[in-house]
Amino acid sequence: MARVGLVIVAGLPRRQASAVATRLMHAEPGSVVVHHDLRDIARGFVVRRQKSATGEEVARLELAHGCVSCTLREDLLPLLTKLADSDGVHRIVVHLDPTIEPEPVCWAIRGLPVRVTGVVTVIDTATWLADATGDEELAERGFGVAEGDDRTVAQVAVGQAEFADAIVLAGSGADAWTEARTSAVLQRIAPMAKKVSFAEAVYALRDLPEGARRGKLDRWFDPLLCGQPPLESDCGVSLTVFTERRPFHPHRLHDAIGVLLEGVVRVRGRFWLASQPDVALWFESAGGALRIGQGGPWLATMDDWSGECPQRTVKASLEWHPRFGDRAQELTIVAHQALPADLTEALNAALLTDEELAEGEEAWLRYPDPLVAIE
Numbered sequence: 000m001a002r003v004g005l006v007i008v009a010g011l012p013r014r015q016a017s018a019v020a021t022r023l024m025h026a027e028p029g030s031v032v033v034h035h036d037l038r039d040i041a042r043g044f045v046v047r048r049q050k051s052a053t054g055e056e057v058a059r060l061e062l063a064h065g066c067v068s069c070t071l072r073e074d075l076l077p078l079l080t081k082l083a084d085s086d087g088v089h090r091i092v093v094h095l096d097p098t099i100e101p102e103p104v105c106w107a108i109r110g111l112p113v114r115v116t117g118v119v120t121v122i123d124t125a126t127w128l129a130d131a132t133g134d135e136e137l138a139e140r141g142f143g144v145a146e147g148d149d150r151t152v153a154q155v156a157v158g159q160a161e162f163a164d165a166i167v168l169a170g171s172g173a174d175a176w177t178e179a180r181t182s183a184v185l186q187r188i189a190p191m192a193k194k195v196s197f198a199e200a201v202y203a204l205r206d207l208p209e210g211a212r213r214g215k216l217d218r219w220f221d222p223l224l225c226g227q228p229p230l231e232s233d234c235g236v237s238l239t240v241f242t243e244r245r246p247f248h249p250h251r252l253h254d255a256i257g258v259l260l261e262g263v264v265r266v267r268g269r270f271w272l273a274s275q276p277d278v279a280l281w282f283e284s285a286g287g288a289l290r291i292g293q294g295g296p297w298l299a300t301m302d303d304w305s306g307e308c309p310q311r312t313v314k315a316s317l318e319w320h321p322r323f324g325d326r327a328q329e330l331t332i333v334a335h336q337a338l339p340a341d342l343t344e345a346l347n348a349a350l351l352t353d354e355e356l357a358e359g360e361e362a363w364l365r366y367p368d369p370l371v372a373i374e
């Protein structure tokens with residue numbers, strides 16, 4: 000039995016995203032829109048709206064724990080399963096609250112009787128670039144978030160755009176320079192995403208390229224440059240690809256982080272520290288917010304590769320270093336103000352020197368590591 004198609008609509012501008020979801024519902028018979036309004040989630044409840052061509056149902060849901068994951072686990076996932084099994088429902092449109100990114104939702108719905116046919120992100124061209132490069136937290140902006148949720152507006156804005164198959168350009172009042180710079184950034188963080196005007200939103204998912212994401216999740220070792228983003232600068236917006244084989248010194252990389260967050264929209268990639276030689280670390284920033292986490296073990300630390308992704312093992316074999324194996328620095332940096340030369344200089348300065356390399360791993364493991372506590 001074929002799984003029911005599911006469209007995800009995300010975006011910070013609540014009203015415009017709602018309008019896009021409604022237009023997509025009317026564009027295909029048998030469509031249902033589901034929306035969880037999280038503005039009161041800190042008070043322990045959300046408002047769920049379920050809309051179709053025949054009307055709208057509104058329910059106030061009490062949650063045992065006020066958080067996004069509770070909303071997904073306790074209501075959205077069971078509801079999607081129920082709708083997918085309902086007669087007459089041919090497509091489900093999930094309109095996300097402005098504070099939710101589509102990637103974790105796609106992760107959560109794995110295994111359900113639905114298939115993601117497209118992710119649409121709605122942006123306000125007058126404000127998106129400022130949102131994507133700032134450091135204001137969601138709570139400071141007035142969005143409803145659970146206690147302890149310290150995500151920034153930039154993290155959400157960039158995550159929503161980066162994961163999109165189509166981006167709807169809404170809003171008004173943006174000057175030509177802001178529009179041009181916003182377009183340049185979007186071309187570098189979401190090069191494969193189709194861009195349409197708000198008036199043409201109903202056509203957002205038509206004729207998507209065969210390689211469109213459609214909810215596919217990235218693994219930490221997947222290619223960082225998908226869709227061939229432009230490598231030349233445009234309107235002061237640049238894409239820098241930093242690759243090196245020798246490890247970073249933990250303290251000097253920590254000191255370089257300030258450079259990577261100033262005038263930069265997005266940093267993504269994997270890296271390795273001399274003080275943590277066995278694990279691939281993941282670096283991800285948006286605006287002034289940063290997350291560093293663990294990806295997984297390097298192949299160089301593993302005796303058996305039989306269960307590993309062939310794409311990963313072939314790449315590692317082709318690029319194998321006689322001393323470091325598959326360990327490598329691979330970072331992509333999209334900047335709107337910082338100069339590529341300054342970014343590269345800061346990262347090169349954080350690498351181990353020839354003298355430090357000669358000391359060997361036993362000495363490296365004794366380096367104090369201020370990055371361990373960063374998440």
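If you number the sequence shown the way numbering that gives the first Met the number 0 does, the last residue is 374 and the count never jumps. Glycine is no exception: its CB is placed at the ideal position from the N, C-alpha and C atoms. Keep in mind the model is a prediction, meaning the values are calculated, not measured.
Going by C-alpha positions, Arg-269 is about 46 Å away from Glu-55.
Taking 3 residues as the shortest admissible run, the segment 28-108 contains the following complete beta strand (DSSP E) segments, listed from N- to C-terminal end: 30-36, 44-51, 54-61, 90-94.
At a Cβ-Cβ threshold of 9 Å, Gly-87 and Gly-29 count as neighbours.
Per DSSP, the beta bridge partners of Val-278 are Pro-296. Put simply, the backbone Cα of Leu-11 is about 17 Å away from that of Ile-188. Residue state for Thr-331 is assigned as strand, using DSSP reduced to three classes. Per DSSP, the unbroken alpha helix (DSSP H) holding Ala-20 starts and ends at 13-26. Note on Val-152: 16 or more other CB atoms within 10 angstroms of its CB, so buried under the neighbour-count rule.
Excluding residues up to 5 positions away in sequence, Ala-179, Arg-180, Ala-183 lie with their Cβ nearer than 6 Å to the Cβ of Cys-234 in the same chain. With fewer than 16 other Cβ atoms from the protein chains shown falling within 10 Å of its own Cβ, Pro-208 counts as exposed. A residue is called buried when at least 16 other Cβ atoms come within 10 angstroms of its Cβ; Pro-77 does not meet this threshold and is exposed.
Distance between Val-119 and Ile-7, taken at the CA atoms: about 6 Å. The beta carbon of Ile-108 lies closer than 7 Å to those of Leu-76, Leu-79 in the same chain, with the five residues before and after it left out. Arg-290 carries a strand assignment under DSSP once its states are collapsed to helix, strand and coil.
In the DSSP annotation of this structure, Val-144 is not part of any alpha helix (DSSP H), being labelled neither H nor E. With a cutoff of 9 Å on beta-carbon distance, Ala-9 and Ala-18 are scored as not near each other.
The three-state reading of DSSP puts Gly-4 in strand, counting E and B together. Residue pairing of Arg-265 in beta bridges, as defined by DSSP: Ala-285, Val-333. Note on Gly-117: 16 or more other CB atoms within 10 angstroms of its CB, so buried under the neighbour-count rule.
Ser-274 is the residue among Cys-66, Ser-274, Leu-351 whose C-alpha sits nearest the C-alpha of Glu-361.
In this structure, Gln-227 and Pro-190 form a Cβ contact; the two beta carbons are roughly 6 Å apart against a cut-off of 8 Å. Secondary structure note for Val-240: its beta strand (DSSP E) is the uninterrupted segment 237-243. A buried status is given to Ala-169, since no fewer than 16 other beta-carbon atoms sit within 10 Å of its beta-carbon.
Close CB contacts of Pro-339 within its chain, under the 7 Å cut and outside five residues either way in sequence, are with Ser-237, Thr-239 (chain order).
Bounds of the alpha helix (DSSP H) holding Gly-158 are 152-161. If you compare the alpha carbons of Leu-317, Gln-328, Val-31 with that of Leu-280, the shortest gap goes to Gln-328.
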